[in-house]
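Quick notes on the structure that follows.
In this note's numbering, the protein residues as written are 341 to 701.
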């Protein structure tokens with residue numbers, strides 16, 4: 341296969357101007373992209389007019405208002421429910437009228453709670469398709485354009501780079517993350533990589549949290565991770581993105597972050613909290629973000645959204661719901677995302693990521 345360098349401008353769909361209202365600030369108008377919403381619904385989720393749709397939303401943030409209006413415009417026949425104006429029994433009774441393959445869209449300024457169950461899991465158990473936009477109140481007003489841009493769905497990009505990365509990872513025995521003056525080496529085979537690329541072929545559930553764009557794994561042998569990395573951003577204890585004045589150097593020995601010399605107090609607090617409960621700071625997830633809307637300078641505050649950044653992120657702490665290891669308890673623990681100031685990534689000595697772009701071979 342000829343080398344392909346996936347650049348951000350290569351094949352993103354054009355943004356269509358769409359004025360959405362109402363919103364809390366009547367003077368504020370965005371061009372969020374009817375195209376992006378349509379492509380997510382129709383291409384990524386495969387929703388058709390033959391199936392019903394339900395939109396559950398609130399009006400507690402600027403972005404929630406924009407998104408709910410956009411989805412209602414795209415799906416005028418959908419059942420539209422204001423979460424704050426209806427009780428749990430009413431919302432659940434409407435869900436009971438839906439059939440497998442129908443679509444539910446959750447637009448949440450925080451995170452909806454009904455009874456004791458997690459809504460998305462309950463909907464998946466009913467074989468419904470789900471688009472979930474949580475924690476929208478964490479997205480600052482000036483970050484809304486970046487968030488909306490991140491919803492662009494380019495199937496040619498996601499459905500080629502994602503499976504290519506998964507194949508590389510699943511057959512790998514060594515991965516290196518190269519930063520300026522620091523290299524982290526994984527001398528291990530890896531757990532089967534998971535993809536979040538808007539393609540749900542052969543998957544039990546269709547949909548999930550949006551925006552999308554990630555392939556992630558972790559080494560089978562965590563103790564075979566050694567070296568150092570530079571961290572340019574990390575998740576704070578309140579789930580927001582913290583960007584120190586200069587990258588933090590983290591030293592990792594046998595899969596454990598042992599020191600971060602010169603790190604700011606905000607990062608030391610995170611490490612201290614993890615050590616207080618878990619004794620040491622394990623490095624677990626190795627994430628390859630794919631979403632080209634997010635860069636080092638184009639950020640949002642919500643860590644769960646920014647995690648899709650086109651680049652590399654790792655998780656600190658023992659918690660990882662996708663990969664079970666006997667050495668860790670099944671429940672509890674920390675999962676703190678950190679973002680690597682990486683210059684180059686190699687898989688079995690082959691460069692797969694360089695200068696913020698994936699290098700397909």
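The beta carbon of each residue, even a glycine, is placed where N, CA and C say it ideally should be.
- In the structure shown, residue 653 falls within a strand segment according to DSSP collapsed to helix, strand and coil.
- The DSSP-derived three-state label of residue 500 is helix.
- Note that the C-beta distance between residue 495 and residue 383 is below 7 Å.
- Around the Cβ of residue 602, a 10 Å sphere holds fewer than 16 other Cβ atoms; the residue is exposed.
- The C-beta of residue 402 has 16 or more other C-beta atoms within 10 Å across all chains shown, which makes the residue buried.
- DSSP places residue 693 in the uninterrupted beta strand (DSSP E) bounded by 690 to 694.
- As the crow flies, the alpha-carbon of residue 585 is around 25 Å from that of residue 625.
- With contacts defined by Cβ atoms closer than 7 Å, residue 449 and residue 400 form a contacting pair.
- In the displayed model, residue 519 falls within a strand according to three-state DSSP.
- Along the length of the region 433 to 518, whole beta strand (DSSP E) runs at least 3 residues long occupy 443 to 447, 469 to 473, reported in chain order.
- The Cβ-Cβ distance between residue 569 and residue 590 falls below 7 Å.
- Taking residue 681 as reference, the option from 565, 588, 389, 561 with the minimal CA-CA separation is 588.
- In terms of CA proximity to residue 683, 523 leads the group 438, 427, 503, 523.
- The beta carbons of residue 672 and residue 651 sit about 29 Å from each other, so the pair does not count as a contact at 8 Å.
- With three or more CB-CB distances shorter than 8 Å, the region 465 to 478 counts as touching the region 428 to 443.
- Taking residue 557 as the centre and dropping the five residues before and after it, the same chain places the C-beta of 509, 530, 531, 533, 626 closer than 6 Å to its C-beta, in chain order.
- With a beta-carbon spacing of about 6 Å, residue 593 and residue 566 fall inside the 8 Å limit used to define contacts.
- Of the other Cβ atoms in all chains shown, 16 or more fall within 10 Å of the Cβ of residue 407; this residue is therefore buried.
- Contact between residue 447 and residue 397 is confirmed by a C-beta separation of about 4 Å, below the 8 Å threshold.
- Looking at the backbone, the Cα of residue 699 and that of residue 511 are separated by about 17 Å.
- For the pair of segments examined, the region 573 to 581 was found not to touch the region 539 to 548: the number of CB pairs separated by less than 8 Å stays below three.
- Residue 394 and residue 608 have their C-alpha atoms roughly 44 Å apart.
- The three-state reading of DSSP puts residue 592 in strand, counting E and B together.
- A distance below 6 Å between beta-carbons, with the five flanking residues on each side excluded, links residue 502 to the following residues of its chain, in chain order: 535, 537, 555.
- With fewer than 16 other Cβ atoms inside 10 Å of its own Cβ, residue 453 counts as exposed.
- Within the model, the alpha-carbon separation for residue 643 versus residue 579 is close to 6 Å.
- In the DSSP secondary-structure assignment, residue 422 is bridged to 397.
- With contacts defined as CB atoms closer than 7 Å, residue 472 and residue 458 fail to qualify as a contacting pair.
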